[in-house]
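Chemist:
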Amino acid sequence: MIELRNITEDNYRECLDLKVSESQKDFVAPNRHSLAQAWVFYDSAYPFAIYADDIMVGFIMLGYIKEEKQYTVWRLMIDEKFQKKGYGKAALYLGIEYLQKEFGINEVYLSYAPENAVGEALYESAGFKKTGEIEDGEIIMRLALSGAE
8 MIELRNITED NYRECLDLKV SESQKDFVAP NRHSLAQAWV FYDSAYPFAI
58 YADDIMVGFI MLGYIKEEKQ YTVWRLMIDE KFQKKGYGKA ALYLGIEYLQ
108 KEFGINEVYL SYAPENAVGE ALYESAGFKK TGEIEDGEII MRLALSGAE
């Protein structure tokens, strides 16, 4: 069973210890960086630990970009020991579900490095489509939800 749990004083160190493989280090910021951003952007960042059967396997941070009026999947990472088990896709769906329940959204955005073929395949398999935009060197994708075009 995959679930998202809040980052707390009881599990934040475990979250900081999660690591991606060496080949993925350029694709996602370290969790210490993400948690610092979540602290600064406390009113628009929603960080969660990803658990599989009570074991922390990854981290996801959702967010709201006020200037763009867009909800986003800001970060998604699965520890290198737990990759290729479907946890990333399950967590992505749970994150989108959270945004829908909490904010009634009808679309969600994310971005990825062009070299990140694994991330691209994951996002496309979840229904995200490229918008044709590139921001800070990253490809922007959008997922339309329940009736959005």
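Per our numbering, residue 8 is the first one in the sequence shown, and the count goes up by one each step.
Every residue gets a Cβ at the ideal spot worked out from N, C-alpha and C, and that includes glycine.
What you are looking at is a predicted structure, and each value in this text was computed from that prediction instead of being measured.
Look up residue 126 in the DSSP assignment and say whether it is helix, strand or coil.
Modeler: Of the three classes helix, strand and coil, the one that applies to residue 126 here is helix, per DSSP.
Chemist: How would you label residue 49, buried or exposed, when you count the other beta carbons within 10 angstroms and need 16 or more for buried?
Modeler: Exposed is the call here.
Chemist: Do the CB positions of residue 59 and residue 103 come within less than 8 angstroms of each other?
Modeler: It is not a contact, given that the beta carbons lie outside the stated cut-off.
Chemist: If you pair each beta-carbon of the region 35-44 with each one of the region 86-104, do three or more pairs fall below 8 angstroms?
Modeler: With the cut-off at 8 angstroms, the region 35-44 and the region 86-104 do not touch.
Chemist: State the Cα-Cα distance for the pair residue 116 and residue 141, rounded to the nearest angstrom.
Modeler: Their backbone Cα atoms lie some 12 angstroms apart in a straight line.
Chemist: What do you get for residue 111, buried or exposed, if any count of 16 or more other CB atoms within 10 angstroms of its CB means buried?
Modeler: The residue is exposed, with fewer than 16 neighbouring Cβ atoms inside 10 Å.
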